[in-house]
Amino acid sequence: MNTRIASSLVFATSALVLVLSEAANQSQYVLNHVGSAARAGKEILVIRVRGVMPSEDLQRFVGSLDWIDAWDPPDEQFEQLCEAIESVYSGTYGEDLTSPRPEDAPAEEEASAPLVFLSARSDDYGYAEEVHRFLTDSGVKAFFSHVSLPELGSS
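So in this note's numbering the end of the sequence shown lands on 137, straight run, no missing numbers.
What follows is the structure in structure tokens.
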């Protein structure tokens, strides 16, 4: 995907989800996505698919963030990711979310569901597809080029 198009898509989203792996550490495209998100002031959520540390370049953007380790089995961690995305969208990301939500608080409309950009290296597309499927099944509007671009072309 063209870097300018990817940057434009990142700017239009609520957050970027980084699928972190050894391959992602080596990817200039992933680094560009993460850098675009950071410059745009977007939240960056990191889901590690293996016990790997971010490269020095990625460390500048994600070193101080909490990561979700999702390599064994990932379902519970995918749920954590959805909760983190919801808190980004509601403006409560990073706050203590243990307090119950007031009964009279309005429910989020599906039309205003968060849009996230999923960044992964081609080596990790199988795993990223699982993340994308889980997010979309959970009502999160997610853009993942490997899945979303073909869908756009067929509509």
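Note that the Cβ used here is the ideal one computed from N, Cα and C, for glycine as well.
Since this is a predicted model, take the numbers as computed values, not measurements.
With a cutoff of 7 Å on beta-carbon distance, A(-3) and L27 are scored as near each other. The criterion of a C-beta distance shorter than 7 Å is not satisfied by V98 and I50. Between the stretch 12 to 25 and the stretch 114 to 127, the count of C-beta pairs closer than 8 Å stays below three; the two stretches do not touch. Taking all protein chains shown into account, E25 has 16 or more neighbouring C-beta atoms within 10 Å of its C-beta and is therefore buried. The DSSP-derived three-state label of S101 is strand. When the beta-carbon positions are compared, R32 and S3 come within less than 7 Å of each other. In terms of Cβ geometry, F125 and A110 do not form a close pair [threshold 7 Å].
DSSP places R115 in the uninterrupted alpha helix (DSSP H) bounded by Y107 to D119. Counting C-beta atoms within 10 angstroms of its own C-beta, D48 has fewer than 16 neighbours from the protein chains shown and is therefore classed as exposed.
For L(-9), the closest alpha carbon among the candidates V44, S101, A5 and Y107 is that of S101. When the five nearest sequence neighbours on each side are left out, the beta carbons in the same chain lying within less than 7 Å of the beta carbon of D106 are those of V1, S3, A5, A6 and V31, in order along the chain. If you draw a 10 Å sphere on the C-beta of A22, you find fewer than 16 other C-beta atoms in it, and that means exposed.
Under the three-state reduction of DSSP, D39 is assigned to helix.
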